[in-house]
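>
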Ligand code: 5GP
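In this note's numbering, the protein residues as written are 1 to 183.
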């Protein structure tokens with residue numbers, strides 16, 4: 001789905017599919033260099049990270065494995081609280097493995113903080129984070145993110161895996177949702 005199919009639902013397009021693709025290619029080259037002699041395990045967080053995982057993994061020129069976690073984060077309304085429950089755990093034992101967490105978006109960073117401390121307790125050889133988008137508030141939480149696609153303003157965005165009410169994940173670009181959609 002392109003923005004032309006749902007233009008009335010978007011305030012604006014932040015990044016086109018081509019811009020997302022180009023940025024991902026840059027990051028993939030850095031990740032390739034970092035893990036050149038290592039066997040990296042990409043860990044995606046369902047469901048938002050499916051698009052970035054699919055595109056990042058295919059942009060890599062080195063081998064990688066993939067696994068997925070599903071977590072639910074409790075909070076009031078749209079705010080994350082950092083209280084997290086694992087709905088689906090990894091199929092892989094990550095002890096001694098080089099793990100790269102692939103995230104769609106970091107807002108407060110509370111969900112990610114929980115995830116990182118949970119994964120670190122399993123004693124991977126290394127643990128790094130890549131996120132496609134990061135909002136300003138994320139800076140307030142001390143989670144060390146090695147690769148960031150784009151820093152974005154504090155707007156509610158959809159597309160490229162990110163949904164509103166289950167919709168818009170299949171939108172190729174990243175756009176900010178028009179207020180009439182959620183009010
Ligand atoms: P955090 O714990 O960092 O505040 O929450 C991160 C999660 O909140 C993301 O994985 C995503 O599911 C959701 N989220 C945060 N900001 C947005 C946004 O602008 N749009 C959408 N669709 N989801 C968001």
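Beta carbons: idealized from backbone N, C-alpha and C, even for Gly.
Take residue 167 and list the residues in its own chain whose beta-carbon comes closer than 8 Å to its own, dropping the five residues that flank it on each side.
158
> Using a Cβ-Cβ cutoff of less than 8 Å, which residues in the same chain neighbour residue 154 once the five nearest sequence positions on both sides are dropped?
135, 136 and 137
> Near residue 190, which residues of its chain fall below 6 Å by C-beta distance, leaving aside the five closest residues on each side in sequence?
Past the edges of the chain, shown from 1 to 183, lies residue 190, and the structure says nothing about it.
> Which residues does DSSP pair with residue 151 in a beta bridge?
134
> Relative to the alpha-carbon of residue 65, which residue among 88, 35, 89 and 40 has its alpha-carbon at the smallest distance?
40
> For the stretch 10 to 66, which segments carrying the beta strand (DSSP E) assignment without a break, of at least 3 residues, lie completely within its bounds, in sequence order?
10 to 15 and 40 to 46
> Could you tell me which residues DSSP puts in a beta bridge with residue 162?
Answer by DSSP bridge pairing, in chain order: 159.
> For my contact list, residue 104 and residue 150 are in at a C-beta cut-off of 8 Å; report their separation, rounded to the angstrom.
The pair is not a contact, with the Cβ atoms about 12 Å apart (cut-off 8 Å).
> Would you call the CB atoms of residue 122 and residue 86 closer than 9 Å?
No.
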